[in-house]
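Number of protein chains: 2
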Amino acid sequence: MTIAQALDALAARLGDRLGRSPSDLALHGANEAHFPAMPPDAVAYPQDTAEVAAIVGICAAHGCPVVAWGAGTSLEGHALPVKGGVTVDFSRMNRLIEVRPEDMLAVVQPGLTREALNTDLRATGLFFPVDPGANASLGGMAATRASGTTAVRYGTMRDNVLALEVVLADGRVIRTGSAARKSSSGYDLTGLFVGSEGTLGLITELTLRLQGQPEAVASAVCGFAEMAAAVETVIATIQSGIPMARIEFLDRAATAAVNAYSQAGLPEQPHLLVEFHGSDAAVAEQSARFGEIAADLGGEDFRWATRPEERNALWKMRHNAYYACLALRPGARAIITDVCVPISALAAAVEETAADIAASSIEGPILGHVGDGNFHAILLVDPGSASDHAEAARLAGRMAERALRLGGTVTGEHGIGMGKIPYMPAEHGAAWEVMGSLKAALDPQGILNPGKVVPQ
Amino acid sequence: MTIAQALDALAARLGDRLGRSPSDLALHGANEAHFPAMPPDAVAYPQDTAEVAAIVGICAAHGCPVVAWGAGTSLEGHALPVKGGVTVDFSRMNRLIEVRPEDMLAVVQPGLTREALNTDLRATGLFFPVDPGANASLGGMAATRASGTTAVRYGTMRDNVLALEVVLADGRVIRTGSAARKSSSGYDLTGLFVGSEGTLGLITELTLRLQGQPEAVASAVCGFAEMAAAVETVIATIQSGIPMARIEFLDRAATAAVNAYSQAGLPEQPHLLVEFHGSDAAVAEQSARFGEIAADLGGEDFRWATRPEERNALWKMRHNAYYACLALRPGARAIITDVCVPISALAAAVEETAADIAASSIEGPILGHVGDGNFHAILLVDPGSASDHAEAARLAGRMAERALRLGGTVTGEHGIGMGKIPYMPAEHGAAWEVMGSLKAALDPQGILNPGKVVPQ
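Protein sequences, first through last, are from chains R and B. Here the first sequence stands for residues 1 to 456, where the numbers follow UniProt numbering. Here the second sequence stands for residues 1 to 456, where the numbers follow UniProt numbering.
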């Protein structure tokens with residue numbers, strides 16, 4: 001049982017769709033975050049589910065690790081093959097299989113990206129709402145339980161995946177869920193695979209809930225003299241029951257970053273970015289009520305974007321905010337944090353984090369999906385500086401501990417990957433061992449994305 | 001290892017909170033549906049989580065089955081102790097532990113009922129939306145992944161349970177989830193226990209999402225000459241993006257039943273019952289748009305209920321519809337069906353079912369949560385008539401097969417229990433074996449609600 005034997009068998013099955021060139025291995029050993037490169041032994045490019053099952057079957061027979069790869073946009077090094085083996089790249093399984101407008105769902109292959117899906121959906125009046133910013137693959141988004149700017153209204157991948165086809169560690173192919181909108185028929189296997197980061201099975205097909213394009217959309221940017229007032233505005237808006245489609249926060253440093261990167265031209269102070277979806281009348285009412293709440297709490301310099309091109313520019317600016325933060329310090333890489341806390345603890349969590357970063361030796365703009373209680377500090381480090389890394393690790397650790405102390409989680413949307421696994425015992429206690437028992441039940445050899453999610 | 005030894009140890013631990021009287025055993029061996037009575041060997045009444053853990057630990061040591069009991073309102077005999085053993089009655093663990101208005105959540109013990117929770121919440125301006133009709137316990141609702149009339153707007157228990165405390169089969173106590181609104185931190189254990197029907201662990205505490213009481217509410221009843229027009233109205237309303245809080249269907253026979261039972265005074269034809277929640281302006285707009293859609297498709301005799309007492313009467317009538325159907329045939333019991341299909345298949349599913357029942361020898365009013373594609377035929381049988389039972393079983397089997405053929409599920413909200421387990425292989429295929437593997441990992445002795453959910 002060796003990886004080499006598995007590669008021989010895979011080469012015989014896949015021919016030139018088993019990549020072993022240095023560039024291929026380097027590409028699939030890299031990551032968007034700060035983790036050291038770690039190339040796989042080979043990259044498989046399956047064309048259909050049967051081929052995925054065959055790949056996993058061969059790897060199972062030889063005890064060879066198998067790591068799924070979507071678009072490579074993960075921020076926690078989820079797809080780094082820490083024990084080598086085969087990376088399964090789903091880029092050739094990227095078809096939109098079916099759109100069912102009456103059922104408001106789409107069936108897709110895992111390599112399809114969310115932007116490609118939404119482009120394909122344009123003529124239908126429907127869209128897929130989950131929006132993590134990056135043009136991630138839908139399989140990868142399911143595997144990390146991704147969310148993003150619209151989760152406050154439309155939920156995360158947990159809420160928007162209706163059904164899956166999954167290849168298990170022994171090569172069996174199962175279907176979970178159905179096209180019905182709800183079910184009480186047994187354990188929620190769909191929910192178990194969503195967020196399992198490729199450790200329980202490889203997702204080969206997804207049935208996704210779609211939403212109707214809203215009749216009207218209004219977006220706005222609004223500045224605040226103090227971070228606390230911005231956060232209070234978020235809490236008051238939620239409490240008042242105004243159905244926001246998006247509510248995002250940028251602190252002063254993040255605002256400066258998007259000004260420099262996207263020529264946003266915003267006053268250099270904390271900002272909220274909001275969006276409302278609905279009928280013309282509903283959006284007008286929601287916008288007006290939000291405007292009153294924000295103004296009462298000191299919001300100023302409102303800029304409403306009602307034309308599509310203004311809105312697109314606004315959200316493109318937001319989606320590029322990570323790159324804008326990186327550009328604050330040329331050559332920097334980022335240690336990215338992703339805490340999510342109960343709304344009642346949001347102000348304390350953001351303020352304590354900001355004070356911690358201000359007192360540190362590195363920069364760390366803060367931004368986030370504050371309607372969910374989820375925010376990120378983008379901790380900028382010189383890749384070659386051990387002291388930068390140590391300082392960022394210290395700050396990230398304090399953020400994680402603070403989130404847990406306040407009743408939250410160390411990862412709201414990015415997942416565990418390489419970066420968050422040290423916090424699992426503190427977050428989950430004995431429940432982490434239960435995750436390990438489930439992993440052992442479905443992947444007793446431990447060949448699926450070893451080193452991730454569960455106790456090792 | 002015998003049940004008798006377990007009972008001795010439990011009696012020593014619990015004293016008179018281990019019930020063994022004939023009336024206690026009879027109560028916990030009964031069910032709301034048509035299944036034969038099946039009393040447990042004893043009934044334990046724990047007062048706190050530690051006591052539940054002790055009970056399960058004792059039972060594990062002696063290989064004694066353990067079955068959780070909430071309010072006894074299950075419609076599929078979930079809590080029938082098919083291998084005897086101890087029923088754990090949570091009626092003394094029925095406290096509302098905490099309400100956190102800023103976080104819009106409540107922490108409750110599993111024996112608290114949904115009506116008691118909502119009574120306790122009245123002064124807060126918040127409510128718990130999941131509404132299965134019966135005054136079920138919240139632990140039981142989580143265990144069966146219950147939903148009901150409001151799922152079309154607020155989701156099912158899957159969407160409204162944020163966190164759990166669970167006693168595992170070996171007596172360990174774990175916590176899943178957190179008070180944060182979302183998380184990507186590992187396997188979704190909360191989602192795994194929700195809907196597991198007491199086979200993976202005993203829920204001892206729940207953290208529930210609450211909703212703000214809507215500023216305005218409008219309800220209406222509307223008749224249709226033909227069932228098809230009512231179902232088309234549902235589909236058109238969903239397609240148009242009108243955010244319904246409830247949309248319910250009663251066929252002609254169910255309408256006759258509620259007329260007789262609740263003096264509803266409706267014309268004897270199929271009806272839709274709808275409700276809208278939101279701001280004054282939003283509810284007015286939604287009501288008007290629904291009214292136009294329904295009128296276009298032949299809806300008539302609209303009755304709007306805007307005063308709270310009118311609305312309460314309307315939904316009390318709906319909630320009593322099951323008892324109203326039973327009363328159509330004095331002395332009858334019901335075999336209850338619970339299919340859920342994709343919306344595109346709803347018209348076909350309802351019409352084929354109605355035709356099947358019309359051609360049969362028994363009565364079977366149809367009603368349901370049609371906004372989710374979920375409907376029930378209440379198949380009325382004389383408890384002593386073997387031919388009635390056979391006819392109902394034949395009809396229920398055809399409904400289940402039809403739902404699966406149309407891409408749906410055999411149970412939208414009631415769960416598997418005793419009645420739906422024969423359909424599991426057809427619905428889930430190899431995924432049912434995966435459920436069995438998960439069960440074996442967490443309950444290797446099979447002491448938790450044996451005979452339910454997974455392959456035996």
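Backbone N, C-alpha and C fix where the C-beta goes; we use that ideal spot for every residue, glycine too. Predicted model, so just to flag it, every value in this text is computed and none were measured.
- In the pairwise beta carbon analysis, the segment 236–255 of chain B is classified as not touching the segment 182–192 of chain B: fewer than three pairs are separated by under 8 Å.
- Here B:Asp-48 carries a coil assignment [DSSP, helix/strand/coil].
- In the three-state DSSP reduction, R:Glu-275 falls in the strand class (E or B).
- Nearest CB-CB separation between R:Asn-374 and chain B: below the 9 Å threshold.
- Here B:Ser-437 really is in contact with R:Ala-441; their C-beta atoms are around 5 Å apart, less than 8 Å.
- Taking 9 Å as the upper bound on Cβ-Cβ separation, chain B lies near residues Thr-144, Arg-145, Ala-146, Ser-147, Ala-151, Val-152, Gly-155 and Thr-156 of the segment 133–156 of chain R.
- By the criterion of a C-beta distance shorter than 6 Å, R:Gln-47 is surrounded in its chain by Arg-92, once the five residues flanking it on both sides are discounted.
- Interface flag for B:Met-435 against chain R is set, since a Cβ pair is found closer than 9 Å.
- Given a length threshold of 4 residues, each whole run of the alpha helix (DSSP H) inside the segment 266–327 of chain B is given here in chain order: 280–296, 308–319 and 321–326.
- Between R:Val-173 and chain B, the shortest Cβ-Cβ separation is below 9 Å.
- Under a criterion of Cβ atoms nearer than 9 Å, the residues of chain R adjacent to B:Val-453 are, in order, Gly-186 and Tyr-187.
- Residues of the segment 404–416 of chain B that bring their beta carbon within less than 8 Å of a beta carbon in chain R comprise Gly-407, Gly-408, Thr-409, Val-410, Thr-411, Gly-412, Glu-413, His-414, Gly-415 and Ile-416, in sequence order.
- One finds Asp-103, Ala-179 and Ala-180 in chain R with Cβ atoms closer than 7 Å to the Cβ of B:Pro-342, taken in chain order.
- The beta carbon of R:Gly-84 sits no closer than 9 Å to any beta carbon of chain B.
- In the DSSP annotation of this structure, the continuous segment of the alpha helix (DSSP H) that includes B:Phe-193 starts and ends at 189–193.
- The C-alpha of R:Glu-197 is placed about 10 Å away from the C-alpha of B:Ser-184.
- According to the DSSP secondary-structure assignment, B:Trp-69 is paired through a beta bridge with B:Asp-89.
- In this structure, B:Ala-386 keeps its C-beta atom at 9 Å or more from the C-beta atom of B:Gly-298.
- R:Asn-312 counts as exposed, since fewer than 16 other beta carbons sit within 10 angstroms of its beta carbon.
- The straight-line gap separating the alpha-carbon atoms of B:Glu-391 and B:Ile-3 is approximately 38 Å.
- Of the candidates R:Glu-76, R:Asp-159, R:Asn-94 and R:Val-67, R:Val-67 places its Cα closest to the Cα of R:Val-88.
- Residue pairing by DSSP places R:Ala-106 opposite R:Val-99 and R:Leu-208 in a beta bridge.
- When the Cα atoms are used, R:Ala-143 and R:Gly-407 turn out to be separated by approximately 24 Å.
- Closer than 9 Å to the CB of B:Gly-19 there is not a single CB belonging to chain R.
- Within the segment 332–409 of chain R, the complete alpha helix (DSSP H) runs of at least 4 residues fall at 346–358 and 386–405.
- R:Thr-176: not part of any alpha helix (DSSP H); member of the beta strand (DSSP E) spanning 173–177, first to last residue.
- Annotation for R:Val-167: the continuous beta strand (DSSP E) segment containing it runs 161–167.
- Judged by their CB atoms, R:Ala-42 and R:Arg-20 are nearer to each other than the 9 Å cut-off.
- Excluding the 5 residues flanking it on each side, R:Lys-439 has same chain C-beta neighbours closer than 8 Å at Thr-199, Leu-200, Gly-446, Val-453 and Val-454, in chain order.
- In this structure, the CA atom of R:Thr-176 is about 8 Å from the CA atom of R:Leu-162.
- Here R:Thr-233 is buried, its C-beta having at least 16 other C-beta atoms within 10 Å.
- Our two residues, R:Met-157 and R:His-414, have alpha carbons roughly 12 Å apart in a direct line.
- If you look at R:Arg-246, you'll find it in the beta strand (DSSP E) that goes 246–250.
- Relative to B:Ala-79, the option among B:Leu-96, B:Pro-444 and B:Ser-137 whose CA is nearest is B:Ser-137.
- Shown here, R:Ile-416 sits in coil according to DSSP, grouped into three states, outside any helix or strand.
- Any Cβ of chain R closer than 9 Å to the Cβ of B:Gly-195 would place that residue at the interface, and such an atom is present.
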